[in-house]
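Okay, structure first, notes after.
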Amino acid sequence: MRALVAGGGGFIGSRLVRVLLNNDWIVRVLDIQYGELVDCKDNLEFFGVGSDDLHGGVADRNIVRQAVKGVDVVYHLALNWDGATWKHEVSLADLFDVNIRGTLNLLEEAKSGGVKHFLFASSTAVYGDGNVEVVDEESVCKPELFEGDPGPAYTIMKLATERLCLLYSSEHGLPVTVLRIGYVFEPPGEGEIHVKDVVQAFILATLNSKAYGQIFNVTCEPIVSTRRIREILDWKPKFTTRICR
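With this note's numbering, the residue at position 23 of the sequence shown is 26, and numbering never jumps.
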């Protein structure tokens, strides 16, 4: 089987690429940089590396056409959101343009190229209101209410992109699956779901007809760190230690 991982140089994408390779998939990567795949780039076919972040990569229809041609599955994890700092030094108009246009490029080429399955990485942040205790896939999305990083503009963009993907499912018959992913971590770190579990969710959904046209939340029980417990309890140590030599 052949797969294209758009955004394959990133945190989740690179780990998905490695699992696919280990399962004897032929993998292409569409990204503007090698990212975390530098060590295995000789085993992959890359598209878009070194291209401009606002006009290259998924935003370049010609690059996308070459990358999608002949693949069975497209994993869309590509995201241009001004880096991990979320400072929006690039205008929101440009950020929305490159992400929405890039998704449309992937969807159009997947549709015309006969791709068997298109999987999109969304976010549980689209639900917006963090005060709701129970959230499932049928819950109302209020992305404008999302607080904190990466901000409501990001969650609005994610939800809009989801809708585009599902439109191509309902209108054009493209098998699409949306995975709404919680905050991802890899030890040492804090978050809602381990990156290995996220990758496993993608693998389980791939080419599974029951997943076509569906949205899935990909998360687990929140992990409360020792530091957070101390904050909640306003705990302070009652003794100090010293190193004995």
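Where is the CB? At the ideal position from N, CA and C, for every residue including glycine.
Source: prediction; values computed, not measured.
Exercise. Leaving out five residues before and five after residue 210 in sequence, what residues of the same chain have Cβ atoms less than 6 Å from its Cβ?
Worked result: These residues qualify, in order along the chain: 120.
Exercise. Where does residue 128 sit, in a helix, a strand or coil, going by DSSP?
Worked result: helix
Problem set entry | Bridge partner(s) assigned by DSSP for residue 203 | According to DSSP, residue 203 bridges with nothing at all.
Exercise. Should the region 164-176 be regarded as contacting the region 198-206, the criterion being three or more beta carbon pairs within less than 8 Å?
Worked result: no
Problem set entry | Nonlocal neighbours in the same chain, by C-beta distance under 8 Å from residue 144, ignoring five residues either side | 129, 130, 131 and 162
Problem set entry | Pairwise C-alpha distance: residue 173 and residue 18 | 30 Å
Exercise. Are the Cβ atoms of residue 171 and residue 213 separated by less than 8 Å?
Worked result: Cβ distance not < 8 Å, so residue 171 and residue 213 don't count as in contact.
Problem set entry | N-terminal and C-terminal residue of the beta strand (DSSP E) that residue 182 is part of | 179-184
Exercise. Going by the beta-carbon positions, is the gap between residue 34 and residue 60 smaller than 8 Å?
Worked result: yes
Exercise. Are there 16 or more other CB atoms within 10 angstroms of the CB of residue 11, so buried, or fewer, so exposed?
Worked result: With 16 or more other CB atoms across the displayed protein chains lying within 10 angstroms of its CB, residue 11 is buried.
Exercise. What is the DSSP secondary structure of residue 171, reduced to helix, strand or coil?
Worked result: Residue 171: helix per DSSP, three-state reduction.
Exercise. In terms of DSSP beta bridges, what is residue 78 paired with?
Worked result: Paired residues: 8 and 122.
Exercise. Can you name, in chain order, every residue of its own chain whose Cβ lies under 7 Å from the Cβ of residue 149, other than the five neighbours on each side?
Worked result: 128, 131, 155 and 158
For this session: Take residue 44 and list the residues in its own chain whose beta-carbon comes closer than 6 Å to its own, dropping the five residues that flank it on each side.
Result: Excluding sequence neighbours, residue 44 sits near 37.
Exercise. Shortest alpha-carbon distance to residue 184 belongs to which of 176, 84 and 197?
Worked result: 197
For this session: Hey, could you find the ends of the alpha helix (DSSP H) residue 108 is sitting in?
Result: 95-115
Problem set entry | Beta carbon of residue 65 nearer than 8 Å to that of residue 83 | no
Problem set entry | Buried versus exposed, by CB contacts within 10 Å (16 or more), residue 139 | exposed
Problem set entry | Option nearest residue 23 by Cα separation, candidates 50, 62 and 76 | 76
For this session: Would you kindly work out how many angstroms separate the C-alpha atoms of residue 74 and residue 176, rounded to a whole number?
Result: 17 Å
For this session: Between the Cα of residue 108 and those of 116, 99 and 63, spot the shortest distance and give me the residue it belongs to.
Result: 63
For this session: State the DSSP-derived secondary structure class of residue 32, mapped to helix, strand or coil.
Result: DSSP places residue 32 within a strand segment (E or B) once states are collapsed to three.
Problem set entry | Own chain residues within Cβ distance below 7 Å of residue 201, not counting five before or after | 15, 184, 187 and 221
Problem set entry | Bridge partner(s) assigned by DSSP for residue 217 | BP columns for residue 217 point to 180.
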